[in-house]
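One structure is given here, and the rest of the page talks about it.
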Amino acid sequence: MIKTVWRMLLVFWLVSVVIVISLPGEKFDGTPHWESIQWIPFAALSFQRDVVTETLANFLAFIPIGYIAVRSFTFGIKRPLLIAGLFGLAASFSIEIYQLFCPSRVPSSTDLILNTAGAVLGAHLALKLDDLISIVSHRLPFAAPHRNAED
15 MIKTVWRMLL
25 VFWLVSVVIV
35 ISLPGEKFDG
45 TPHWESIQWI
55 PFAALSFQRD
65 VVTETLANFL
75 AFIPIGYIAV
85 RSFTFGIKRP
95 LLIAGLFGLA
105 ASFSIEIYQL
115 FCPSRVPSST
125 DLILNTAGAV
135 LGAHLALKLD
145 DLISIVSHRL
155 PFAAPHRNAE
165 D
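Shown next, in the form of structure tokens:
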């Protein structure tokens, strides 16, 4: 039951991030603008306020993707960081493909790298939080979470 809620939250967050980052939608023209792609990572990164704000916002928006992915799929997978990174990469790639068809947007390999890194960081934070809860629950038995057999 709880895994289903986490998975629904993951889908909601993924869709929300894709929609918000892809806005404004009226700029879509259906023609790929290959010349606007920034192929070399970090080459166009500058310390202008707008660029830093957008880059940081993208990175931060992908942290919950990794966190929620770990919560959704922890049991039964051997490499949760890889799975979270793949979720982040897929979401970021879909945004960059959309931007390819918007003349006012710039698809960037930097975005792919930073967004994926944000998702991996979120997954890492989830795993570290699990470790912390485990340590606390072993030292304070009354703090141990009660597990349901359906989890």
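In my numbering, the protein residues as written are 15 to 165. In this text, a Cβ means the ideal position worked out from N, Cα and C, and glycines have one as well. Since we're looking at a predicted model, the values are computed, not measured.
Apart from the 5 residues on each side of it in sequence, GLY44 sits with its Cβ closer than 8 Å to the Cβ of PHE115 in its chain, given in chain order.
Residue nearest to TRP53 within the set TYR112, GLY132, SER30, ILE127 is ILE127 (criterion: CA-CA distance). Counting along the chain, the unbroken alpha helix (DSSP H) around SER106 starts and ends at 94-114.
Three or more pairs of CB atoms, one per stretch, sit closer than 8 Å, so the region 72-86 contacts the region 19-29. Restricted to the region 15-96, the alpha helix (DSSP H) segments that are unbroken, complete and at least 4 residues in length are 16-36, 63-87, listed in chain order. In terms of Cβ geometry, ILE109 and SER30 do not form a close pair [threshold 8 Å].
THR130 is positioned such that its CB atom lies closer than 8 Å to that of GLY99.
Within the same chain, Cβ atoms closer than 6 Å to the Cβ of PHE73 are found at LEU128, GLY132, the five residues on either side in sequence being excluded. In the three-state DSSP reduction, SER123 falls in the helix class (H, G or I).
In this structure, the alpha-carbon of HIS47 lies about 25 Å from that of PHE101.
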